[in-house]
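Asks: Have a look at this one.
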Amino acid sequence: MRSNNIILGCLFAMIAELCFVGMGSLVKLLSENLPSQNVLFFRNLFGLLVLSPLIFKLGVKTLKTKKLKWHFLRSLSGVSAMYCFFYALSELPLADAMLLKISAPLFIPIIAFVWLSEYISLRAIMAILIGFLGVVLVLKPTGAIHIASLAGLMGGALAALAKVTIRRMSDTEPTSRIVFYFGVISLVIATIPMFWFWQNPNSKEWGLLILLGAFGTFGQLFLTKAYTLAPASRIAPFTYSSILFAGIIGWVFWDEIITVLTVSGALLIILAGILIIQEKRQSISAIED
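Going by our numbering, the sequence shown wraps up at 517, each residue one higher than the last.
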């Protein structure tokens, strides 16, 4: 794999995380008045509309696929992760919610072991344990664990499944096709709760919902492209950039203060990610030798 592709993939991952933090900030703002089910529905609706010009430009032929079941699995896991994440955003500080979201890399080796029968070394196991210790600190062990925190953690696991699925499809599926099918299938799934949770947005909320859809779609485009350029193990550490973005935005707009427990948990999660990426590099080098 060319080093330029890896560097570009890591850069795209950081841009994607900035988009996702922007989306998360709008979700948190909109959830003050709208049910999270409404917010998720409009995120998928406007996201698909934002993507439509690209699809028309590329042509309908680019949408033909022989991996529909993989697209469905990616979409189901992705939209389920979004439901968990949106709920966490509505109840938790922005930085805490983003930290739980980026716990996804900790689950990737576990999913790869169970699903793909990939070997996990003792060092990788230790790294995963360190990472989950960091997650425990973010969950605030000094008090009752908020159900939104558990939802955020579940969202991380589901997001990891979606990312591994993207990697499995990247040999034949271009970025635009993966994101298109995610948009369509996710919109169908998100439409179902609208029969019970529909609420009309006001004029200001309509504008924010459109912007939210744009952030989400461009984030998906950049992230999907990142995972087609480089292995998940190389991309994962750069998703931690969202912690900095979320901390700044949460402080500026919601006067949120990052606690010592959150910082300690973040450092352990980042350390775990670094150990996992180093383990992967050593494994690849051993195979090449």
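In this text, a Cβ means the ideal position worked out from N, Cα and C, and glycines have one as well.
(1) Pick helix, strand or coil for Ala376, following the three-state DSSP scheme.
(2) In the DSSP assignment, find the unbroken alpha helix (DSSP H) run with Glu346 in it and report its ends.
(3) If you count every other CB in all the chains shown that lies within 10 Å of the CB of Leu457, and 16 or more means buried, which is it?
(4) Here's a check: name, in chain order, each residue in its chain whose Cβ is nearer than 8 angstroms to the Cβ of Ser513, leaving out the five neighbours to either side.
(5) Count the CB pairs spanning the stretch 291 to 305 and the stretch 402 to 416 that are closer than 8 angstroms, and state whether there are at least three.
(6) Run through DSSP, which three-state label would Ile336 get?
(7) Would the stretch 276 to 283 count as touching the stretch 465 to 485 if we require 3 or more Cβ pairs under 8 angstroms?
(8) Quick one: any contact between the stretch 461 to 472 and the stretch 259 to 272, if contact means 3 or more CB pairs under 8 angstroms?
(9) Could you check whether the Cβ of Phe410 sits closer than 8 angstroms to any Cβ belonging to chain B?
(10) So is Glu245 buried or exposed if we call it buried at 16+ other beta carbons inside 10 Å?
(11) Starting from Ala418 and walking both ways along the alpha helix (DSSP H), at which residues does that stretch end?
(12) Does DSSP classify Met242 as helix, strand or coil?
(13) Since I believe Glu433 is in contact with Leu322 (beta carbons under 8 angstroms), could you give me their beta-carbon distance rounded to a whole number of angstroms?
(14) So does the stretch 322 to 341 actually touch the stretch 424 to 438, counting three or more Cβ pairs closer than 8 angstroms?
(15) Would you call the CB atoms of Phe410 and Ile243 closer than 8 angstroms?
(16) When the Cα of Ala418 is compared with those of Gly475, Cys312, Leu381 and Ala241, which residue comes out closest?
(17) Quick one: grab the DSSP three-state call for Ile497.
(18) Are Leu320 and Pro429 touching if we call contact CB-CB under 8 angstroms?
(19) Measure the alpha-carbon distance for Thr290 versus Pro459 and round it to whole angstroms.
(20) Leaving out five residues on either side along the sequence, give the residues of the same chain with a beta carbon under 8 angstroms from the beta carbon of Met422.
(21) Could you round the C-beta distance between Ala309 and Ala390 to whole angstroms and report it? I think they count as a contact, below 8 angstroms.
(22) Can you give me the Cβ contacts of Ser303 inside the same chain, cut-off strictly under 6 angstroms, excluding the 5 residues immediately before and after it?
(23) Helix, strand or coil, according to DSSP, for Asn428 in the structure here?
Replies: A quick look at the data gives this:
(1) helix
(2) Glu346 -> no alpha helix (DSSP H), and no H or E assigned at all.
(3) buried
(4) Legend: pLDDT at Ser513 = 38, less than 50; position of this residue unreliable, value from coordinates given subsequently. Closer than 8 angstroms at the Cβ level, and outside the excluded window around Ser513, lies no residue.
(5) yes
(6) helix
(7) no
(8) no
(9) In the structure shown, chain B cannot be found, because there is only a single protein chain.
(10) buried
(11) Thr403 to Thr419
(12) helix
(13) Incorrect: roughly 19 angstroms between the Cβ atoms, too far for contact.
(14) no
(15) no
(16) Cys312
(17) helix
(18) no
(19) 24 angstroms
(20) Gln265, Asn266 and Phe269
(21) 6 angstroms
(22) Phe410, Ile413 and Ser414
(23) coil
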